[in-house]
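Protein chains: 2
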Amino acid sequence: MTVKHRRAASATTTAGFPRRGHNHASCVDDAVAAADRVCAQNGTRLTELRRQVLELVWRSHEPVGAYAILEHLAVDSGRRPAPPTVYRALDFLLEQGLVHRIESRNAFFGCTRPGEKHLFEILLCTDCGRAAEVPGDRVTRAVKFSAAALGFEVDRQTVEVMGRCRDCRGPAAQA
Amino acid sequence: MTVKHRRAASATTTAGFPRRGHNHASCVDDAVAAADRVCAQNGTRLTELRRQVLELVWRSHEPVGAYAILEHLAVDSGRRPAPPTVYRALDFLLEQGLVHRIESRNAFFGCTRPGEKHLFEILLCTDCGRAAEVPGDRVTRAVKFSAAALGFEVDRQTVEVMGRCRDCRGPAAQA
DNA sequence: GTTAGCGTGTTATATTGTAACATAGCGTCA
DNA sequence: TGACGCTATGTTACAATATAACACGCTAAC
Chain P
1 MTVKHRRAAS ATTTAGFPRR GHNHASCVDD AVAAADRVCA QNGTRLTELR RQVLELVWRS
61 HEPVGAYAIL EHLAVDSGRR PAPPTVYRAL DFLLEQGLVH RIESRNAFFG CTRPGEKHLF
121 EILLCTDCGR AAEVPGDRVT RAVKFSAAAL GFEVDRQTVE VMGRCRDCRG PAAQA
Chain L
176 MTVKHRRAAS ATTTAGFPRR GHNHASCVDD AVAAADRVCA QNGTRLTELR RQVLELVWRS
236 HEPVGAYAIL EHLAVDSGRR PAPPTVYRAL DFLLEQGLVH RIESRNAFFG CTRPGEKHLF
296 EILLCTDCGR AAEVPGDRVT RAVKFSAAAL GFEVDRQTVE VMGRCRDCRG PAAQA
């Protein structure tokens, strides 16, 4: 809650796929800390349930479905909430900009730049299943450009890129 | 089936949103003609059912859901096929590159460049509900660029842009 | 005319998402 | 303090989207 959180450098703020064997616990911790901060700024409440759901989204770097979260909640806490409970928590987290929705998978994953208004693209590795968020400035400009040519006013955009991450491509791509 | 179809200029090959009051029947006709050609080239069969589904996808320039297609089939032809029937036809049309899927809507709409291997973006007008396909070369380059920086190998991409089309923005945007 | 392969039909069910209403917690202010 | 209002969560029921698995029939090739 103190000011030192404002620029806490960490794995979660790193664009791209994290290295194998990275300290994932700190990804989660950072995400929760950032969420606390963002909610405080926005005057909203990161309740216990919402925090739990956020942690479950951050359980790995693979996008996670709403019903998978529901399962994990059941396992972790013994109670099994009904779907609306999970969807409402996810809606909240989406509104606060703490998670993103991946349309092509009907799944969610943790935002790596919480609290910053930002446009982004999602890279999805079809081998390992992980997702990574990368800044979308360049793509956004390209989108705006072609839209403008048609008199189309851009409100928001979804860019999801399927392919293989460096780790899955093997040593050849590690350069 | 004759060679004159190969370059039939038409509304369907126009990128962007068609003008209000355009001759939509020719959009549909062109789409079916192109489908015949593509299937002939690919050695696949545009069966009656598949043609019907394609026509229903082309019923308007708004993306259409699988169950809406199912409804229309029921109305148009008296019989009500089960969901797998429609999904199989849609899968076929997707494979042949005759329709696109809009992930953020769970809906489908007709490809305006059938038979050409192409990368594209989808513009979705949140006012009138219409979709338009536009060439995605610029966006594709931007996507490749940021992916390459992370050693990510792009296979395919989904770019969906929400906003307002020129018609819906009114005269100010008609310039 | 038999047969292999493809396309479609059919049944059942899985997966994802929401509407609508009930209950509970919690701060505020008369 | 206790009634009120607001937000969050619980609960029930259902809607919307999608697929698995197996049956049947057509047709093209031999």
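Chains P and L, in that order, give the protein sequences. If you count the first sequence from 1, position 61 lands on 61 in the working numbering, and the numbers rise without skipping. If you count the second sequence from 1, position 78 lands on 253 in the working numbering, and the numbers rise without skipping. Glycine residues also receive a C-beta, built at the ideal position from the N, C-alpha and C atoms.
Any idea if P238 of chain L is buried or exposed, counting beta-carbon neighbours within 10 angstroms, 16 or more meaning buried? buried
Shorter than 9 Å from the beta carbon of F108 of chain P to some beta carbon of chain L? no
Are G110 of chain P and L94 of chain P touching if we call contact CB-CB under 9 Å? no
Could you give the first and the last residue of the continuous beta strand (DSSP E) run that contains F109 of chain P? Here the beta strand (DSSP E) through F109 of chain P covers A107 to G110.
Among the residues of its own chain, which have a CB less than 7 Å from the CB of S279 of chain L, if the five just before and after it don't count? E335
Can you say whether R164 of chain P is buried or exposed, counting buried as having 16 or more other CB atoms within 10 angstroms of its CB? buried
With C-beta atoms as the reference, is S321 of chain L less than 9 Å away from P18 of chain P? The beta carbons of S321 of chain L and P18 of chain P sit no closer together than 9 Å.
Any chain P beta carbon closer than 9 Å to R331 of chain L: yes
For a test of the three-state rule: what should DSSP assign to E278 of chain L, helix, strand or coil? helix
Quick one: list the residues of chain P neighbouring S321 of chain L, beta-carbon separation under 8 Å, in chain order. Chain order gives the chain P residues near S321 of chain L as E121, V134, P135, G136, R138 and V139, where near means a beta carbon separation below 8 Å.
Once you ignore the five residues that flank C177 of chain P on each side, which residues in its own chain have a CB closer than 8 Å to its CB? With chain P running from 1 to 175 in the structure shown, residue 177 of chain P is simply not present.
Candidates L:A282, L:V207, L:I277 and L:Q271: which alpha carbon is nearest I244 of chain L's? L:A282
Which same chain residues, not among the five before or five after D155 of chain P, have their C-beta less than 7 Å away from its C-beta? none
Please report how far the alpha carbon of D91 of chain P lies from the alpha carbon of W58 of chain P, in whole angstroms. 16 Å
Anything in chain P within Cβ reach of L325 of chain L, meaning under 9 Å, just list it in chain order. A15, G16, F17, L123, A132, V134, C165 and R166
For A210 of chain L, which residues of its own chain have a beta-carbon under 6 Å away from its beta-carbon, when the five flanking residues on both sides are left out? Counting only residues of its own chain and dropping the five nearest sequence neighbours on each side, A210 of chain L has a CB closer than 6 Å to the CB of L221, L229 and L273.
Counting only C-beta atoms, is T222 of chain L closer than 9 Å to chain P at any point? no
Could you check which residue in L:L224, L:Q271 and L:A257 has the C-alpha nearest to that of A215 of chain L? L:Q271
From H247 of chain L to Q157 of chain P, what distance separates their C-alpha atoms? 30 Å
Complete beta strand (DSSP E) runs within the region 39 to 125 of chain P (minimum length 3 residues, chain order): 99 to 102, 107 to 110 and 120 to 125
Find out if the Cβ-Cβ distance for the pair V86 of chain P, V314 of chain L is shorter than 9 Å. Not closer than 9 Å, so no.
CB-CB under 6 Å to R255 of chain L, same chain, minus the five flanking residues each way: which ones, in chain order? Non-local beta-carbon contacts of R255 of chain L in its own chain, meaning distances under 6 Å to residues more than five positions away in sequence, involve A249 in chain order.
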